[in-house]
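**Student:** For reference, the structure I am asking about is given below.
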């Protein structure tokens, strides 16, 4: 299994599609369009911020736990499905789901009880995955590293209204905080080999040369991990010439 990771707007979904087509495998995408909770969550951030400004220091986002449970449940199902065949690609990691829940709890958007319940659920899921699907250190994590400015440009380009900083004055601080949490997460992640792509330097969406360079690097890594043979990698590269 290959998993993409990175902050909002880093290009995970785009690279997931590119890579799955390159490898002839299946892509699994984070539920966004069919997610009824996500817009509620962003509205909940505004509600909580307003209540705190009015003097309620314990105000939480009422949709945080619901949203993160929705995501981790979908991710759990996707991982089980993805592990049925070789080199299927996911556009977000289940460990990133845990990152979001931790950050939102630290921000006061979820309670300590909600966080403890979520962690217990996640641990049970991870134990089940190890037992039933063999999730292990052979899986490849690909992290797309982007700056705040690049993230905002890509968020603007894809046009989801509830993600735009113009629509919500709390989002700039939220996005900056999220970048900090991702930097910390990147330092401690050790569940599998990880490859880091410089998303500021390489525009794999609009520049074919950058895209081919990144695909070459990924395929070399897959050869090292015995996901594909050297001959298969050379054939994939030749087909892109």
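Residue numbers (full-length UniProt numbering): 1 to 241.
C-beta atoms are modelled at their ideal positions from N, C-alpha and C, and glycine is treated no differently.
Under 8 Å Cβ to Cβ from residue 69, same chain only, skipping five residues before and after it: list those, please.
**Tutor:** In the chain shown, residue 69 corresponds to position 69, counting from 1. Same-chain partners within the cutoff: 118 and 121.
**Student:** Considering only the beta carbon of each residue, do residue 148 and residue 179 sit closer than 8 Å?
**Tutor:** Translated into the one-based positions of the chain shown, residue 148 becomes position 148. Translated into the one-based positions of the chain shown, residue 179 becomes position 179. Yes, the Cβ-Cβ distance between residue 148 and residue 179 is below 8 Å.
**Student:** Terminal residues of the continuous beta strand (DSSP E) containing residue 5?
**Tutor:** Within the chain shown, the letter at position 5 stands for residue 5. Looking at the DSSP string, the run of the beta strand (DSSP E) that includes residue 5 is 2-5.
**Student:** Note down the Cα distance separating residue 187 from residue 197, rounded to an integer number of angstroms.
**Tutor:** If you number the chain shown from 1, residue 187 lands on position 187. If you number the chain shown from 1, residue 197 lands on position 197. Their backbone Cα atoms lie some 15 Å apart in a straight line.
**Student:** Relative to the C-alpha of residue 171, which residue among 55, 42, 233 and 24 is closest?
**Tutor:** To locate residue 171, count along the chain shown from 1; it is residue 171. Checking every option, the nearest Cα to that of residue 171 belongs to 42.
**Student:** Which one of 57, 93, 40 and 56 has the shortest CA to CA distance from residue 65?
**Tutor:** Residue mapping note: residue 65 aligns to position 65 of the chain shown, counting from 1. Here the closest residue by C-alpha is 40.
**Student:** Which same chain residues end up closer than 6 Å to residue 163 when comparing Cβ atoms and leaving out the 5 residues on each side of it in sequence?
**Tutor:** Within the chain shown, the letter at position 163 stands for residue 163. The answer, listed in chain order, is 155.
**Student:** Specify the secondary structure class of residue 140 as computed by DSSP and reduced to three states.
**Tutor:** In the chain shown, residue 140 corresponds to position 140, counting from 1. Here residue 140 sits in strand by DSSP.
**Student:** Work out the CA separation of residue 152 and residue 36 for me, nearest whole Å.
**Tutor:** Counting from 1 along the chain shown, the entry for residue 36 is found at position 36. Counting from 1 along the chain shown, the entry for residue 152 is found at position 152. Each residue's alpha carbon lies about 23 Å from the other.
**Student:** Per DSSP, what are the beta-bridge partners of residue 27 in this structure?
**Tutor:** Residue 27 sits at position 27 when you count from the first residue of the chain shown. Residue 27 is bridged to 89.
**Student:** Quick check: what's the CA-CA separation for residue 17 versus residue 95?
**Tutor:** For the purposes of this step, residue 17 is taken as the residue at position 17 of the chain shown. For the purposes of this step, residue 95 is taken as the residue at position 95 of the chain shown. Between residue 17 and residue 95, the C-alpha separation is close to 21 Å.
**Student:** With H, G and I counted as helix, E and B as strand and the rest as coil, what does DSSP make of residue 210?
**Tutor:** Translated into positions along the chain shown, residue 210 becomes position 210. Of the three classes helix, strand and coil, the one that applies to residue 210 here is helix, per DSSP.
**Student:** Can you name the start and end residues of the alpha helix (DSSP H) that residue 101 belongs to?
**Tutor:** Here the question's residue 101 lines up with position 101 in the chain shown. It spans 94-106 - the alpha helix (DSSP H) in which residue 101 sits, taken as one unbroken run.
**Student:** Return yes when the Cβ of residue 6 is within less than 8 Å of the Cβ of residue 300, no when it is not.
**Tutor:** Residue 300 lies beyond the stretch modelled for the chain, which goes from 1 to 241, so this question has no answer here.
**Student:** Where does residue 155 fall in DSSP's three states?
**Tutor:** To locate residue 155, count along the chain shown from 1; it is residue 155. It is helical.
**Student:** Across which residues does DSSP place residue 216 in a beta bridge pair?
**Tutor:** On the chain shown, residue 216 is found 216 positions in, with the first residue counted as 1. Note: residue 216 sits in no beta bridge, so no partner.
**Student:** Ignoring anything shorter than 4 residues or poking outside the region 143-200, list the alpha helix (DSSP H) runs there in chain order.
**Tutor:** Runs of the alpha helix (DSSP H) inside the region 143-200: 148-158 and 171-188.
**Student:** Return the chain-ordered list of same chain residues with a C-beta closer than 6 Å to the C-beta of residue 9, the five sequence neighbours on each side being excluded.
**Tutor:** The residue you call residue 9 lines up with position 9 of the chain shown. So the list reads 151, 154 and 155, once near-sequence residues are dropped.
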